[in-house]
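Be aware that the sequence shown starts at 75, since it is given in the numbering used here, and climbs by one per residue. All C-beta atoms in this analysis are idealised placements derived from N, C-alpha and C, irrespective of residue type, glycine included.
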Amino acid sequence: MGTNAERVISEEHAITSLSVSGDSRFFIVNLNSQEIHMWDVAEEWDKPLRFMGHKQHKYVIRSCFGGLNNTFIASGSENSQVYIWNCRNSSPIEVLSGHSMTVNCVSWNPKIPQMLASASDDYTIRIWGPSLQKKEGNLVD
């Protein structure tokens, strides 16, 4: 049986999730080797950019692009934390603590790029972002 695939990318470990950037130029794959790989859609790269630091071996963890100008990657982790990377750096720029069990998925707020939600096996959803305070009936930064 033939295939109509335009491109085939092989990874050395099982792929647990995939996410495409908002501008459709890049995609990231989560691997059970505790790495996230970012590939370019235009096939200009011979190898992916690698993002490390989070823990993923046993569960499906879903990562995503987001933040200001979609220049960040966020991921949950089996160690109950949320990791954030700048797309140009393989080490996390922020690690958020607050969950007590595996963080399975994260999602950036498309209207408020500094705001991120995370969902965990601890039965909670946490909203991360700038401090919000009530002032005269309105939420403000």
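With DSSP as the reference, label residue i as helix, strand or coil.
i	result
Asn163	coil
Asn106	coil
Gln207	Below a pLDDT of 50, predicted positions are generally treated as unreliable, and Gln207, at 48, falls in that range; the measurement from the model is reported next regardless. Residue state, collapsed to three classes: strand.
Asn178	strand
Cβ of residue i less than 7 Å from any chain B Cβ?
i	result
Asp120	Absent from the structure: chain B. Only one protein chain is present.
So which of the options has the shortest CA-CA distance to residue i?
i	options	result
Pro187	Gly203, Ile199, Gly172	Gly203
Lys129	Pro166, Leu123, Ala191, Phe139	Pro166
Arg81	Ser151, Ser95, Asp97, Trp113	Trp113
Ala36	Pro184, Met126, His173	The requested residue 36 does not occur in the structure, where the chain is confined to residues 75 to 215.
Asn151	Ser95, Pro184, Leu170, Asn183	In the sequence as displayed, the identity of residue 151 is Ser instead of Asn. Closest option to Ser151, Cα to Cα, is Leu170.
Gly141	Ser205, Pro184, Val115, Ile199	Pro184
Ile135	Thr176, Ser205, Glu86, Val115	Thr176
Val156	Val115, Arg162, Ile201, Lys132	Ile201
Between residue i and the ligand MN, is there a pair consisting of the residue's CB and a ligand heavy atom that are separated by less than 6 Å?
i	result
Gln130	This structure simply doesn't include the ligand MN, nor any ligand for that matter.
Is it the case that the Cβ atoms of residue i and residue j are separated by a distance below 7 Å?
i	j	result
Ser91	Asn104	yes
His111	Arg99	no
Ile83	Ser93	no
Ala191	Ser181	yes
Ile158	Phe146	yes
Could you spell out where the beta strand (DSSP E) holding residue i opens and where it closes?
i	result
Arg200	199–202
Leu92	89–94
Ala191	190–194
Leu123	123–126
Could you pull the DSSP bridge partners for residue i from this structure?
i	result
Leu170	Val156
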